[in-house]
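Chains as they are written, first to last, in the numbering used here: chain A, 29 to 314; chain B, 1080 to 1239.
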Amino acid sequence: MKPAKFDYIAPTTVDAAIEALSTANGEGKVLAGGQSLLPLLNFRMARPAVLVDLNGIKELSFIKLRGDRIAIGALTRHREIEQSPLIASKLPVMAAAMRHVAHLAIRNRGTIGGSVSHADPAAELPMLSLFYDATLSVQGPSGRRSVAAEDFFVDALTNCLEPDEIVVELEFPVLQHSGWAFEEVARRFGDFALASVAVSVRRKSSTIDDARVAVMGVADTPLRLRQVEGKLTSIAIDGQTPDRFAELVTSCVSANGDLHASAEYRQHLLGQLAKRAMQASLAAKG
Amino acid sequence: MTATVSVTVNGTKYDESDVEPRLLLSDFLRETLGLTGTHVGCEHGVCGACTVLVNGDSVRSCLMLAVQANGAEITTVEGLGTPDVLNELQAQFREHHGLQCGFCTPGMLITGEDLLRKYPLATDDEIREGLSGNLCRCTGYQNIVAAIRSAAAMRAEKTS
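In C-alpha cells form, the structure reads like this:
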C-alpha cells in the first residue's frame, strides 16, 4: 500500500462534508479530483487521518451564466471547462489556457476547486481566477463567505482556507474586451509553466481603454499586474507597443529560479511571452 | 475500515469485499483482480503507464482509489483486443513498430483510444501534445506518433 492508513468518508452533501472535516479536527483532507493529492498520499508526504471525498456531491458540478458572470461549481472537471461553449464564448482566455492544463487523463479527473485550493504557483486555474478577478464561495461550519481571488493565494501551495472550509463555487466576471492572449512555456507540453502571461485588452481607436494582465511561474503565487494595466491605458498603440509592454512586465516582476529553470531564463521567457501575448491581443479585430 | 468494490472490468463483473480505502485502483486491478496488463511506473501520475478508461474517460489508475471506482465500468489493455485479434489501434502499433520494450504500451494505447475519440488529431503537433503525459524510454516517440497518425487517418476515412 502506498498511502498511509486513513478513514474514508464519501458524503453526498456539502454540509456533511463540512461536518466530517470539523470532526476530523484538523486531521482531515479534502479529496476532489485527486490529481495533486494522490501523489502526496502515495509519497506519504500527506498523511491525513480522514479523507473526505467530494466526488459524490453532484450539486458542485456545473457551469452557468449568472448575469454578467460565469459561475463554475468547485467539482467541475477541467475537461468539462475545456469543452464548454459557454466558457469559449464568455471566458476566452480560460478556454485558450485549458489545453495547457496537464494532460487529457488528468483533465478528465482534475477539478477547478481542487486546482485553485492546491494553489500551485505555476498552475493555470489559480492564475486565471486572479486574472478574471474571480470571487470564491467558501463554505465552513458557520456558513458561506466570499473570498476575492486576490486574497485567496497566500503563498506557494498555501491558500487562506480554514481546515474545515471548502471552496464550493467560483464566479468569474465576463470581460467586454476586444483582444486577448494566453502564452505559456513548459518543459514538456502540459507540465507546470516555467512562465506564462495572460492578457486581455479593450481598444478604443489608437489607445487601450482597459487592460488585464496576469503572470505565473515566476513567483510564489500567480500575480496580477495592476501597475502594468494602469500604464497600458496611457500609451498609444503603435508597432512598439508589444516591446514596451514586455519591458513594463519584466520591470515589475523579478522571477524566481529553481531546478527547472534559472531566474534569468524565466525573466527572459516572461518578456518574450509578454511581447507575443500583446501582439496577438492587438491583432484581434475589436 | 474496509469497503466492498463492485466494478465491471472489460465486461466482467467483480465484487470484492474487504478493500482498504487506501488501495490504489492500479494495485486493485493488478493485485486484487490479477489483471497485470496495466503497468505501474512512477506511481505518482507522471509516466502515464497505468492509464485505464473509467466510464470511457482515460485516467491514471495510480491517482484514483479503488473505492472511488465502485460502480464504474473500466477498460484496461486486456479489453482492447486479443493476441490473435488486435484492435485497430493495436494493429497500427504493430504495423508501425510503435513499441520496443512494451512497458509504456498499455498506457499509450489507452491514451490513444481516448485521444482518438476526443480530438481531431489532424497534425503531428496535436498528437504529440496529446501524448505528452505518457513517457516512453525506448522509441523516441516517432513510431508511436506514426501509429496514432495512421489510426486517426483510418478513422477519418471511415467517417467521411
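Glycine residues also receive a C-beta, built at the ideal position from the N, C-alpha and C atoms.
If you count every other CB in all the chains shown that lies within 10 Å of the CB of residue i, and 16 or more means buried, which is it?
i                       : result
residue 93 of chain A   : exposed
residue 145 of chain A  : buried
residue 123 of chain A  : buried
residue 1199 of chain B : exposed
residue 266 of chain A  : exposed
residue 1215 of chain B : buried
residue 1191 of chain B : buried
Closest to residue i by C-alpha separation, out of the options, would be which residue?
i                       : options                       : result
residue 166 of chain A  : A/184, A/100, A/224 and A/248 : A/100
residue 226 of chain A  : A/215, A/217, A/72 and A/239  : A/239
residue 1204 of chain B : A/123, A/216 and A/306        : A/216
residue 206 of chain A  : A/189, A/87, A/312 and A/59   : A/312
residue 1106 of chain B : A/47, A/62 and A/31           : A/31
residue 302 of chain A  : A/280, A/262, A/71 and A/116  : A/280
residue 119 of chain A  : A/74, A/106 and A/200         : A/200
residue 195 of chain A  : A/33, A/130 and A/42          : A/42
residue 1218 of chain B : B/1193, B/1117 and B/1175     : B/1175
residue 1189 of chain B : B/1137, B/1097 and B/1101     : B/1137
residue 1117 of chain B : B/1083, B/1098 and B/1129     : B/1129
residue 235 of chain A  : A/130, A/151 and A/259        : A/259
residue 97 of chain A   : A/203, A/241 and A/290        : A/203
residue 57 of chain A   : A/71, A/40 and A/35           : A/35
residue 1245 of chain B : B/1131, B/1102 and B/1206     : Residue 1245 of chain B falls outside the range modelled here, since chain B spans only 1080 to 1239, and no answer is possible.
residue 242 of chain A  : A/278, A/290, A/267 and A/265 : A/278
residue 1168 of chain B : B/1225, B/1180 and B/1144     : B/1225
residue 210 of chain A  : A/308, A/185 and A/189        : A/308
residue 141 of chain A  : A/223, A/189, A/114 and A/125 : A/189
residue 222 of chain A  : A/298, A/276 and A/95         : A/298
residue 1202 of chain B : B/1235, B/1102 and B/1186     : B/1235
residue 1161 of chain B : B/1209, B/1096 and B/1185     : B/1185
residue 181 of chain A  : A/148, A/47 and A/37          : A/148
residue 1220 of chain B : B/1233, B/1232 and B/1206     : B/1206
residue 287 of chain A  : A/246, A/254, A/160 and A/252 : A/246
residue 251 of chain A  : A/184, A/117 and A/115        : A/184
Below 6 Å CB to CB, which residues in the same chain sit around residue i once its five sequence neighbours on both sides are set aside?
i                       : result
residue 1088 of chain B : 1153
residue 171 of chain A  : none
residue 177 of chain A  : 157, 158 and 162
residue 273 of chain A  : 302 and 306
residue 285 of chain A  : 291
residue 1104 of chain B : 1140, 1143, 1145 and 1148
Whose C-beta lies closer than 8 Å to the C-beta of residue i among residues of the same chain, with five residues either side of it excluded?
i                       : result
residue 1092 of chain B : 1085 and 1086
residue 108 of chain A  : 89 and 91
So, at 7 Å on beta carbons, what are the nonlocal neighbours of residue i in its own chain, with the 5 sequence-adjacent residues on each side left out?
i                       : result
residue 55 of chain A   : 76, 77 and 78
residue 237 of chain A  : 230, 231 and 261
residue 1146 of chain B : 1082, 1084, 1098 and 1100
residue 62 of chain A   : 137
residue 143 of chain A  : 151, 153 and 154
residue 179 of chain A  : 188
**Asked** Unbroken beta strand (DSSP E) runs of length 3 or more, entirely within the segment 1135–1164 of chain B: which are they?
**Response** Within the segment 1135–1164 of chain B, the runs of beta strand (DSSP E) at least 3 residues long that lie entirely inside it are, in chain order, 1136–1139 and 1152–1154.
**Request:** Return the chain-ordered ranges of every beta strand (DSSP E) run that is complete within the segment 213–250 of chain A and spans a minimum of 3 residues.
**Result:** Listed in chain order, the beta strand (DSSP E) elements of length 3 or more contained wholly in the segment 213–250 of chain A are 221–232 and 235–244.
**Prompt:** In chain order, which continuous runs of the alpha helix (DSSP H) of length 4 or greater are located wholly inside the segment 149–189 of chain A?
**Reply:** If we require 4 residues or more, the alpha helix (DSSP H) runs fully inside the segment 149–189 of chain A come out as 152–159 and 177–180.
**Request:** Answer yes if the segment 77–89 of chain A comes into contact with the segment 100–111 of chain A, meaning at least three C-beta pairs across the two stretches below 8 Å, and no otherwise.
**Result:** Segment contact: the segment 100–111 of chain A against the segment 77–89 of chain A, three or more CB-CB distances shorter than 8 Å; contact assigned.
**Request:** For the segment 60–69 of chain A and the segment 1115–1135 of chain B, state whether three or more C-beta atom pairs, one from each stretch, are separated by less than 8 Å.
**Result:** Touching, yes, given that three or more Cβ pairs across the two stretches are closer than 8 Å.
**Request:** Can you check the segment 69–139 of chain A for any alpha helix (DSSP H) of at least 4 residues that lies completely inside it and give the ranges in chain order?
**Result:** Taking only runs of at least 4 residues, the alpha helix (DSSP H) segments lying wholly in the segment 69–139 of chain A are 106–111, 113–118, 120–125 and 132–135.
**Length-filtered (4 minimum) alpha helix (DSSP H) runs lying within the segment 1178–1229 of chain B** = Whole alpha helix (DSSP H) segments, 4+ residues: 1184–1197 and 1203–1210.
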